[in-house]
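Residue numbers (the numbering used here), protein chains in the order written: chain A, 2 to 387; chain B, 208 to 509; chain C, 12 to 539.
Beta carbons: idealized from backbone N, C-alpha and C, even for Gly.
See below for the structure under consideration.
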Amino acid sequence: MKALVYERSIPKFAAARVASALGGAGSRVGPLHLTDVDEPALPGPGWHRVRPRLAGICGSDLATVDAKSSRWFEGVVSFPFVPGHEVVGDLDDGTRVVLEPVLACAARGIDPPCDACAAGDNGNCERISFGCLEPGLQTGYCADTGGGWSHALVAHDSQLHTVPDAMSDEAAVMVEPAACATHAVQSSAIPEGAVVAVLGAGTLGLCSIAALRRLALPGTVIAGAKHDVQRRLAADLGADVVVAPGEMARAVRRQTRSLSVDGRLTGGADVVVDCVGSADSLEQALAVVRPKGTIVLVGMPGSVRVDLTPLWQREIRLVGSYAYRHTTFATAFELVAESRLERLVSALYPLERWREALDHAAASGRRGAVKIAFDLRSTKKRSAKP
Amino acid sequence: MRLRPRARFPLGAPTWPTGVPRPPVVRDTGVNYDTAWARKYPARLARALWLDGVTRPLIKGLAAPDIDGLDRLDALPAPVIFAANHSSHVDTPLVLTSLPERFRHRTAVAAGADYFFDKRWKGGLWALSINAIPIERTRVSPQSTKLAVSLIQDGWSLVIFPEGGRSPDGWGQSHRAGAAYLAVRTGAPVVPVHLHGTRRILKKGGKGVRPSHTEVTFGRPLRAAEGESAADLAVRIERSIAVLADERSEGFWDARRNAAAGATPALTGPGPTGWRRAWALEENRRRQGTSKPWPPRSAARD
Amino acid sequence: MPRPGFVLDVDRSTPPTLFWHGEQFRTERLPTGSRIIYPPEPLAALEDIDGAIRHALLNPLGDSQPLPSLLTSGMKLTICFDDISLPLPPMQRPDIRQRVIEAVLDMAADAGVDDVVLIAALALHRRMTEPELRHALGDRVYDSFAPSGRLTQLDAEDPEQMLHLGTTDQGEDVEISKRAATSDLIVYVNINLVAMDGGHKSVATGLASYRSLKHHHNVRTLQHSRSLMDQKRSELHTSNWRMGRHIAAQGIKIFQIETTMNTNTFPDQFSFLMKREWEWTARDRMSYMAVSRSLDRTPSRLRTTIFQGIKSPHQMTSVQAGEVEAVHEVTTANVHRQQLVEVEGQTDILTMGLPYICPYNVNSVMNPILVACLGLGYFFNLYRNKPLVREGGVLIMHHPTPRAFHPVHHPSYIDFFDQVLAQTTDPLEIEAKFETSFATDPWYIHLYRTSHAYHGVHPFYMWYWCAHALQHLGMVIIVGGDPKSVRRLGFKPASTLSDALEMASDVVGPSPTLTHLHAPPLLIADVK
């Protein structure tokens, strides 16, 4: 079976880091390569073979490929693994499913489950390095399960959500990122009428805007978007004001009628959803959030340098938002359908053209794209949709 | 037809839209050239240095002037109108350098506006070097008259060539009334000046300069009599220059007698045109020895 | 004798035509058969300006008394003057305002008036800086009044400073400076650069608050001001005249002083700007080439500095004083004497080169909104009777239109450009959806009151100024404009004039008539 495999190789890891730091693509020299591997074995009862149809390329995947992701993940990843956690695929019986990639207690055969899993909060499972599987916080980072960037992976009952027949593959592959956004909005209790600023208008940013509009009652949603396609989509998905990233502070100031001292707002947005996760975006989030406001960190930050004085002085809450609850997916399916998020899927690549696919994903905004995915249907019969 | 493509606007001059009437051109060249600056102190100083330091030695070497009649100017106060016959570009510097010191640096030269002042740079050159002022040759223009009159009234003497241009063939041309008119207007005396031999150095249309001997003769000042017209005075001026010429060739006494008898040879020469005019010219009579062989060598080879 | 303005029919021997291009110049060859409207040559300035001012103050028009007999000791006198937006470009010292105010103060001193206050009639414009005030008023006036706080600038957002005088019969609020309204006499010193300035607009607009201004600074009024330069057909002026008469009816006495300027607009090194191209001498051509080539190679900041440093040699051609309406009638005639050009019939395409300056960017930056306002609000409105361009015609303007803003002077413009124009360019929609929130934004109000910022609502007024043109025109093209900014304004960018003409032919057909407005110097086209 062809698969993109990520191996533990210190020199390649280092090379990828250097290459990506120099502005080149880490994928060319890094530890990821296309190879023939055996299909993963079913670890036990309740496990199924999933043949991916589409597998998305996520921002965190790109960070991994470029070896930029945080060392934090070292204990919760097992090598070699096949990346790809945004997956829509077929079971052997032909059922179309979306994968919920988190490998929580149920999948790991741990019984009784941890407190988080018992409460249905799979994303915060405390046992992601234990049980019958190698360590791995999600499918796509675990050596035992395989991943979406291949022609087969294994998944547990608890990870599968059946796709309604009416939903296209392109829509279905958006369910996982939509679930992340849904979770971020649901867990941060947006006050009604609040001014919400969304930083970044990639997949997560756009999904968050859609989620904010449908799952909460914000007064004004201000989106910071760099590229034209992103701007159009942001406005279309429900942002009231769409500005260039550099204009964010001005837009928030005007919407909140705040004053400004030396370019710093005296008030600000009630909630800032940071879908970028860089030092710059965090700094901006801290600059535009009101005193006692909330910053929801949806984008994966990694190791960043940020001046936290405003956080302290203005009693700002900085909240992370990772993954989702098991029940989040039902909402996410609705969100994708209602907001027609399949339009975010901009290009599909066969696995053989993985380098192009990763380059395209890395430059998606600039090249007028949002979500890039691998199309793995080619070896089987193609679905009706082009 | 224009051979070189014209530079495009705005580098080149703009074309004039057909629909727009052209206003009469007021030019700052020709008669309109303003020479006032050339009579300011710095220009005068430069000119004086140039005239005494460069022009005078040059003229001495080139024209070896034999000057006669300066004594007739002794008691004469400035301003004065010097009226001379004209056959060469050398005439002007020759007259200027021959003038006594007290006139020399306060004298303007009436120069043809069309020839000496048609370009700004030429006007500037002549105004500076010989203190030329633009004068209309063919008619009495109010502008040039006004300028000349005001200069004379300011105490400037004026060198004027009443023939209105250099002689085309070596014989004198009939005089115009300009100098006489100025004398009548201002009451300034006219000193007739006869120049001889300058045509040998450089004639009209000639190429190259040949050093030669020249003669400058100043005549007795003439004043307009009570009620005398400019035309009458002009005739007197012309005649007295002719007497000066006669005096140079025949001697003072014979010339006086000829004058009294009305037999002074006219400077304008015989007949209207024709070969006899050229034949009678003194310079042609002397050329025999130096004439070139006939046919020309190059023609013979062909 | 200065020649009147005239309309040139372009033929094959017409040289290329000069176009302003912001802080640069271009020459364009206009198609044969086009027309070019040249402004009249500058009238001679008054020889004895101070004498003329004195004469005007002593021999007022209308039913007004001579100024000295209006001045009594113990009275409350307020002298108001036009702000930095006039004249354009700023004039060489001494400014007209200085000359007039000094003459008024001389008479006030003779009469023993102690309570004199000077107010810069800013309305919602930015406050002037000290050097700007010194330039307008002269050091003598500044040093005598500024230190004691008797030289003030209107703060229309200070409720303490404003006084509501009731409403006109049309229900328009009249709210003007309290100090002025409670004075025994207001002396208003105008510079009437164009026909729009002066009259009742001086006090009713110059000293008014947002509450009062919004009754005539709105889309409906401005769509019915045809044109702004023709007081009798301008709804804006009609409203101002109602307010002015209402103010007079409250017993407030105004002694109006109006002055007109000639169009001797540019100093010697730019003399080619005021000549017709075929009359350019070698010197004009050399200086044009030297100026335009070096400007093209100059960094834009330096260019702005160079141009904003230009002090114009224009000078006073008339001064009249007395009762507002009588004065304004004479003033308007004097403006027309300098600026009126008769033009036969409308055109399909109107072209114009936009200069580096408009009333709102003196010592500042010409931002895209001001570019639109200068072209569509001011130049388009330089007409009487009918617009120069027919309804549904095309306006082609030359300006680089960079996305550049002065952060101190135009803070609300930046937000207007990025957050309002990004959504819509329809004046009515903008007015309905955004005006109030900008006008009442505490931050803009703070900057207007304490810094040197135009009021938050000012960019809206700029856009309303364009409303008549936007409604009238079929297409607006900016040649050489930054495409992003131009599209944001809702216009079409073109890189050359021939591209623009090509684009215009989609709207006006294949063989349109074309007229070029050769301004500045300013003119008013009297379209028959």
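{"query": "Whole-angstrom C-beta distance between V289 (chain A) and G303 (chain A), which should lie under 8 Å", "result": "Not confirmed; about 22 Å, so no contact."}
{"query": "Residue(s) in a DSSP beta bridge with S323 (chain C)", "result": "C:M102"}
{"query": "Spatial neighbours of E127 (chain A) in its chain, beta-carbon cut-off 7 Å, leaving aside the 5 residues before and after", "result": "C115 and A117"}
{"query": "Alpha-carbon spacing of M168 (chain A) relative to P41 (chain A), whole angstroms", "result": "28 Å"}
{"query": "Limits of the beta strand (DSSP E) - the one that R54 (chain A) falls within", "result": "W48 to G57"}
{"query": "Beta-carbon separation (whole angstroms), L33 (chain A) vs L377 (chain A), contact threshold 8 Å", "result": "In fact, because the Cβ distance is near 16 Å, the residues do not count as touching under 8 Å."}
{"query": "Chain-ordered chain C contacts of L352 (chain A) [CB-CB under 7 Å]", "result": "The premise fails here: L352 (chain A) is roughly 39 Å from chain C at the closest Cβ pair, so nothing lies under 7 Å."}
{"query": "Segment limits, alpha helix (DSSP H) that includes G550 (chain B)", "result": "Residue 550 (chain B) cannot be examined here, being either before or after the span of chain B that is shown, 208 to 509."}
{"query": "Best match in A:E101, A:F14, A:E335 and A:T328 for proximity to A156 (chain A) [C-alpha to C-alpha]", "result": "A:E101"}
{"query": "T329 (chain A) to L5 (chain A) span [Cα, whole Å]", "result": "29 Å"}
{"query": "Same chain, Cβ closer than 6 Å to L349 (chain A), five either side skipped, listed in chain order", "result": "A374 and D376"}
{"query": "Nonlocal neighbours in the same chain, by C-beta distance under 6 Å from K386 (chain A), ignoring five residues either side", "result": "Confidence is the limiting factor: at K386 (chain A) the pLDDT is only 39, short of 50, which leaves the residue's position unreliable, though a coordinate-based value still follows. Closer than 6 Å at the Cβ level, and outside the excluded window around K386 (chain A), lie S169."}
{"query": "Near-chain C residues of the region 255–280 of chain A - C-beta to any C-beta below 8 Å", "result": "R255, R258, S259, L260 and S261"}
{"query": "Selected residue, minimal CA-CA separation from T96 (chain A), among A:A358, A:E75, A:H49 and A:W73", "result": "A:H49"}
{"query": "Assumed close pair S419 (chain B), R427 (chain B) - CB separation to whole angstroms, cut-off 8 Å", "result": "Actually they are not in contact, since the Cβ atoms of S419 (chain B) and R427 (chain B) sit about 27 Å apart, beyond 8 Å."}
{"query": "Short Cβ contact (8 Å threshold) for D166 (chain C) with R460 (chain C)", "result": "yes"}
{"query": "Counted within 10 angstroms of its Cβ, other Cβ atoms place K267 (chain B) as buried (16 or more) or exposed", "result": "exposed"}
{"query": "Within 7 Å of chain C by C-beta, residues of the region 224–252 of chain B in sequence order", "result": "P224, T225, G226 and V227"}
{"query": "Beta strand (DSSP E) segment containing G177 (chain C), residue limits", "result": "M173 to T178"}
{"query": "Below-8 Å beta-carbon distance, R209 (chain B) vs any chain C residue", "result": "Bear in mind that a pLDDT of 47 at R209 (chain B), under 50, signals an unreliable position, so the number given afterwards is only what the model happens to contain. So, not an interface residue."}
{"query": "Chain-order list of residues whose beta-carbon lies under 7 Å from that of A271 (chain B) (same chain, five-residue window excluded)", "result": "H420 and T421"}
{"query": "Cβ shell of R209 (chain B) (< 7 Å), same chain only, five flanking positions each side left out", "result": "Summary for R209 (chain B): the model assigns pLDDT 47, below 50, so the residue's position carries little reliability, and this model does not support an answer."}
{"query": "For Q35 (chain C): DSSP bridge partner residues", "result": "C:H32"}
{"query": "Beta-carbon proximity of V200 (chain C) to I263 (chain C), cut-off 8 Å", "result": "no"}
{"query": "Close-in-space but distant-in-sequence residues of the same chain around S1 (chain A) (CB under 8 Å, 5 per side omitted)", "result": "It is not possible to answer for residue 1 (chain A), since the shown part of chain A is limited to 2 through 387."}
{"query": "8 Å contact criterion, which T295 (chain A) and V277 (chain A) should meet: CB distance rounded", "result": "Actually they do not touch by this definition, with Cβ atoms about 17 Å apart."}
{"query": "Straight-line Cα distance separating C59 (chain A) from G85 (chain A)", "result": "8 Å"}
{"query": "Cβ of H421 (chain C) within 8 Å of any chain A Cβ", "result": "no"}
{"query": "Backbone secondary structure at M297 (chain C) - three-state DSSP", "result": "helix"}
{"query": "Segments assigned beta strand (DSSP E), at least 3 residues, entirely inside the region 353–426 of chain C", "result": "358–364 and 400–409"}
{"query": "Unbroken alpha helix (DSSP H) run spanning P494 (chain C), endpoints", "result": "P494 to R499"}
{"query": "Separation of N229 (chain C) from G16 (chain C), as counted between CA atoms", "result": "33 Å"}
{"query": "Distance, A191 (chain C) Cα to I210 (chain A) Cα", "result": "52 Å"}
{"query": "Nearest-angstrom Cβ-Cβ length linking E87 (chain A) and G121 (chain A), presumed shorter than 8 Å", "result": "The Cβ separation is near 22 Å, so there is no contact."}
{"query": "Cβ shell of A405 (chain A) (< 6 Å), same chain only, five flanking positions each side left out", "result": "The requested residue 405 (chain A) is not part of the displayed model; chain A covers only 2 to 387."}
{"query": "Closer than 8 Å to chain C by CB, V196 (chain A)", "result": "no"}
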